[in-house]
Amino acid sequence: MKKTKFTDEQIAFALRQAETESRVKEVCRKMGISEVTFYNWKKKQGGLEVSELRRLKQLIKSAYVGAVLSCAWVIKLFYYKPTRKADSALRLHIQDIAET
Numbered sequence: 001m002k003k004t005k006f007t008d009e010q011i012a013f014a015l016r017q018a019e020t021e022s023r024v025k026e027v028c029r030k031m032g033i034s035e036v037t038f039y040n041w042k043k044k045q046g047g048l049e050v051s052e053l054r055r056l057k058q059l060i061k062s063a064y065v066g067a068v069l070s071c072a073w074v075i076k077l078f079y080y081k082p083t084r085k086a087d088s089a090l091r092l093h094i095q096d097i098a099e100t
């Protein structure tokens, strides 16, 4: 995914500015973005404040990390090869037979 050149604060500022005083075209021209980009921002971030956006991103990251770790755990479990304790007992039994 391409990284945006605008911070969360800049995006929130543009959305607030369009809501309160300026027209969308003017805000887009000042920011150097298209109207489509502006409306995508509005659709994704709606009325969220900057702190709420950061918290939401942090939750998404932690959920992703949790999913990756649980996947790694399942893979470890799938490839787990148990050691057989019966091997040592069998080896001792064969040695006893060989000695007699």
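In UniProt numbering, the protein residues as written are 1 to 100. No residue lacks a Cβ here, since even glycine has one placed at the ideal position from N, Cα and C.
Whole-angstrom distance between residue j and residue i, CA atom to CA atom
i	j	result
residue 56	residue 6	17 Å
residue 64	residue 54	15 Å
residue 21	residue 41	18 Å
residue 12	residue 49	7 Å
residue 35	residue 8	18 Å
For residue i, the first and last residue of its enclosing alpha helix (DSSP H)
i	result
residue 29	24 to 31
residue 13	8 to 20
Three-state secondary structure assigned by DSSP to residue i
i	result
residue 34	coil
residue 49	coil
residue 5	coil
Integer Cβ distance of residue i from residue j, believed to fall under 8 Å
i	j	result
residue 15	residue 45	7 Å
Interface flag, residue i vs chain B, CB-CB below 9 Å
i	result
residue 16	Absence of chain B from the displayed structure is noted, only one protein chain being present.
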